[in-house]
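Remarks on the structure that follows.
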Amino acid sequence: MLRLFFFEFYKLFRLRSVGLGLLFAFLLPFLWALAPGLKKVYGLVLASGWQVISLSLLAGMEFLFPFLVVMAASEALGSEVAQGTLKTLLLRPLPRSLLLLAKLFALLLYPFLLLSVSFLGGLLAGLPHGLGPFYGGTGLGEGGFAGTGLLPPGTALAELLRAHLLAGAVLLPLSALALLYGVLFLSTTAAALAAVATLLLMRLLVAFPALTPFLLTTYLDLHLRPQAAGLGLSLLLIYTLGFALLAALVFERKDL
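Numbering-wise (the numbering used here), the sequence shown opens with residue 13 and increments by one.
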C-alpha cells in the first residue's frame, strides 16, 4: 500500500496542472509584494513581510487555490483515462478501491503542499519588508491589518500557520469531490466543470437559511473564522469521507 501511495504521489507531480499550480502558488506572493496599488485599492501599506504571506493566502483562497486543487483532482484520473493507462493498472492483482485510495491520499496531501509552497514564496517575497516585530496585524487576527499595537513575529507566525492549516482542511473536500466526478465522468474537463458548478450551486443555497450551517461553501472562509473550527472541521471531514466513499463505490462498479 505504501509503495502504491508513493507511486501515485509521483504521478501526481507529473500532472501539468500540479506543476503549474505549484508555480503559480509560489509566484503569487511576489505580485503582492511588488503591487504598487495596494494603498489605493485596499488602503494598505505593507508594514511587514508577514502581511505579504497573509495577502497571498486571502487572495488565493478566493478562487485560485480551490480551482488548482479541483483541476489536479480532476486530472488525476482523467489523464489516465485519456492516455489509456488506467486499464493497464486495473489488470494488476490489486483491488480497485485500493488504487483509488492511494490516489485520494495523494490528492489530500496536495492542498497542504500547495499552501506550503505559497507560504515559502511569501517568506521570500516578504524579506525586503522585514519579518521582525511590527505595528499592525496579519489580517487574520484581532484588528485585521491595522492590528492592535506591536505584533511579535512569533504571534504573526502562529496566526499564519493556523490559517494555512485551516485553509488546507477547507480544500480537502474539494479534492474528494473532484475525484468523485472524475470517477463518474472519466474526463478531466467534465469533472472540473461539475465540481465548480456544484460549489456555485451550494453558494446559491444560502437563500435557504436552515441549510446554511451544513453547506460546504459556508466554511470556505474558515481560515478567517477559527472560532467556527469546531463545527466547521467536523463537517469538512464528513464531506471528505462522504465524497471519497461514493467515489470508491462508483469506481468498484464502473465499466472501464
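All C-beta atoms in this analysis are idealised placements derived from N, C-alpha and C, irrespective of residue type, glycine included. The model shown is predicted, which means the values in this text are computed figures rather than measured ones.
Interface flag, residue i vs chain C, CB-CB below 8 Å
i: L183; result: Of the chains in the structure shown, none is chain C; there is only one protein chain.
Short Cβ contact (8 Å threshold) for residue i with residue j
i: P165; j: L143; result: yes
i: V64; j: P41; result: yes
i: L69; j: A175; result: yes
i: S187; j: L120; result: yes
i: W306; j: A168; result: Residue 306 is absent from the structure shown; the chain starts at 13 and stops at 268.
i: V182; j: Y231; result: yes
i: Q234; j: L178; result: A small fix is needed here, since residue 234 is Leu in this sequence, not Gln. Yes, Cβ-Cβ distance for L234 and L178 is below 8 Å.
i: G49; j: S130; result: no
As assigned by DSSP and simplified to three states, the class of residue i
i: F220; result: coil
i: F226; result: helix
i: L245; result: helix
i: L163; result: strand
i: F157; result: coil
6 Å CB neighbourhood of residue i in its chain, flanking five on each side removed
i: A204; result: V82, M83 and S86
i: F17; result: A114 and F117
i: E20; result: A114, K115 and A118
Exposure of residue i, with buried meaning 16 or more beta-carbon neighbours within 10 Å
i: T224; result: exposed
i: Y22; result: exposed
i: P185; result: buried
i: S60; result: buried
i: F263; result: buried
i: E92; result: buried
Cutoff 7 Å; reference residue i; Cβ partners in own chain excluding five residues on either side
i: E171; result: T150, L152 and G153
i: A248; result: It is Leu, not Ala, that sits at residue 248 in the sequence shown. Excluding positions up to five away in sequence, the list reads A181, V182, L184, P185 and Y231.
i: A47; result: none
Sequence-distant residues of the same chain with beta carbon closer than 8 Å to residue i, five excluded per side
i: L139; result: G61
For the region 205-219 against the region 72-82, do three or more pairs of beta-carbon atoms, one drawn from each stretch, fall closer than 8 Å, so that the two count as touching? Result yes; three or more Cβ-Cβ pairs closer than 8 Å.
Quick check: the region 248-258 against the region 98-109, are at least 3 beta-carbon pairs closer than 8 Å? The region 98-109 vs the region 248-258: no contact.
Three or more C-beta pairs under 8 Å: does that hold for the region 31-51 against the region 189-201? Counting Cβ pairs under 8 Å, fewer than three are found: no touch.
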